[in-house]
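Enquirer:
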Amino acid sequence: MLRIMSTGYDGKMGKIVADTVRADESCELAFTQAREAAICAQDVKIYENLADCNEKADAIIDFSHHANLDNVLGYALRTKTPIVIATTGFNDEELQTIKDASKEIPVFFSYNMSLGVNILVKLVKEAAKLLDGFDIEIIEKHHNRKVDAPSGTAIMIANAVKEVLPESNFVNGRSGRSCKRQPGDIGISAVRGGTIVGEHDALFAGDSETITISHQAQSRQIFANGALAAAKFIADKEPGFYNMDDMLNR
């Protein structure tokens, strides 16, 4: 029985992750963390500050907020617990902190826990190799409560293209009167509205033809399923920095 600790229990994804763990007969929801534990239904033990927690789990699933990183990563390092980080919005310094932690504990990091999105990224890389001279634009759409833009997944797609085309430049949105596309530009546009779970398009525009590679998330459940699969994957791993490619290629 794999004991899972989840974070963000006061958020939508945190609750979905907790329910997903409960529904899996091979797992147990050990305890959770929330920024405002008092507002949560007390059907499981909840900590606000993990510095106060002396319990141990087999793996952590973090779907909280980038501001919670020191709290959850500090606990993971102190207890030597493998961690799946599915939170987005990290800056470069925070990303480096995560990578440094992976020298001491297993860290699974992905901007998107969906299997389908990670297949999309592989397809985008292949298209970037084959479609020489095509202009590349990435369009992402999310609900009106998402605070970071562009999405972590859009960044992941753009980084995948840059692996193939290292001279590329990211252009986040366009406005003004001097926005002519420059050679090597990768345009990234963010749309926020309604209850859109998550949509990502990679558009390749050539001479008289366009190709679009798309993914639509129809439920947040896909992210919870992927995160739990990742937790099972890293629970017995050695310290290191793991991602979806490691899990898919095992």
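Numbering (UniProt numbering), first residue to last: 1 to 250. Just so it is clear, CB atoms sit at the ideal spot from N, CA and C, and this is done for glycine as well.
Do you know how far the Cα of I234 is from the Cα of C27?
Expert: 14 angstroms
Enquirer: Hey, N243 and F108 are a contact pair by Cβ (cut 8 angstroms); roughly how many whole angstroms apart?
Expert: 7 angstroms
Enquirer: By the DSSP assignment, the beta strand (DSSP E) with D201 in it spans what residues?
Expert: G198 to A205 is the extent of the beta strand (DSSP E) around D201.
Enquirer: Determine the closest residue to A59 out of A230, D246 and D245, with distance taken between C-alpha atoms.
Expert: Considering only alpha carbons, the answer is A230.
Enquirer: Contact between the stretch 142 to 154 and the stretch 108 to 120: three or more CB pairs below 8 angstroms?
Expert: yes
Enquirer: Could you check where the alpha helix (DSSP H) with E137 kicks off and where it finishes?
Expert: First-last for E137: D135 to H142, but that is the beta strand (DSSP E), not the alpha helix (DSSP H).
Enquirer: Alpha carbons only, please: which of L130, E25, A190 and H215 is nearest the one belonging to V161?
Expert: L130
Enquirer: Hey, would you say I83 sits closer than 9 angstroms to D62, going by beta carbons?
Expert: yes
Enquirer: Which runs of the beta strand (DSSP E) at least 3 residues long sit entirely within the UniProt domain "Dihydrodipicolinate reductase C-terminal" (116 to 248)? Give them in chain order.
Expert: 135 to 142, 169 to 172, 185 to 192, 198 to 205, 210 to 217 and 240 to 242
Enquirer: Span of the alpha helix (DSSP H) holding I105?
Expert: I105 -> no alpha helix (DSSP H), and no H or E assigned at all.
Enquirer: Under the three-state reduction of DSSP, which class applies to Y9: helix, strand or coil?
Expert: Three-state DSSP puts Y9 in coil, outside helix and strand.
Enquirer: Among the candidates H143, D100, K180 and G206, whose CA atom is the shortest distance from the CA of G193?
Expert: H143
Enquirer: Taking Cβ to Cβ, would you say E48 is nearer than 9 angstroms to M5?
Expert: no
Enquirer: The beta strand (DSSP E) that contains residue 251, what's its start and end?
Expert: Outside the displayed span of the chain (1 to 250) sits residue 251, for which this structure offers no information.
Enquirer: Can you tell which of G8, K12 and K237 has its C-alpha closest to the C-alpha of V197?
Expert: K12
Enquirer: Are there three or more Cβ pairs, one per stretch, closer than 8 angstroms when the stretch 95 to 102 is compared with the stretch 63 to 81?
Expert: yes
Enquirer: Three-state secondary structure (DSSP) at A59?
Expert: strand
Enquirer: Based on the DSSP secondary-structure assignment, which residues constitute the bridge partners of F90?
Expert: Answer by DSSP bridge pairing: none, since F90 is not bridged.
Enquirer: For K80 and Q182, I'd like the C-alpha separation in whole angstroms.
Expert: 47 angstroms
Enquirer: Does the beta-carbon of K125 have 16 or more other beta-carbons within 10 angstroms, so that it is buried, or is it exposed?
Expert: buried
Enquirer: Check whether the Cβ atoms of I222 and L115 lie closer than 9 angstroms to each other.
Expert: yes
Enquirer: Consult DSSP for V84 and reduce its assignment to one of helix, strand or coil.
Expert: strand
Enquirer: Could you pull the DSSP bridge partners for T3 from this structure?
Expert: Looking at the sequence shown, residue 3 is not Thr but Arg. For R3, which the question treats as bridged, DSSP gives the partners E28.
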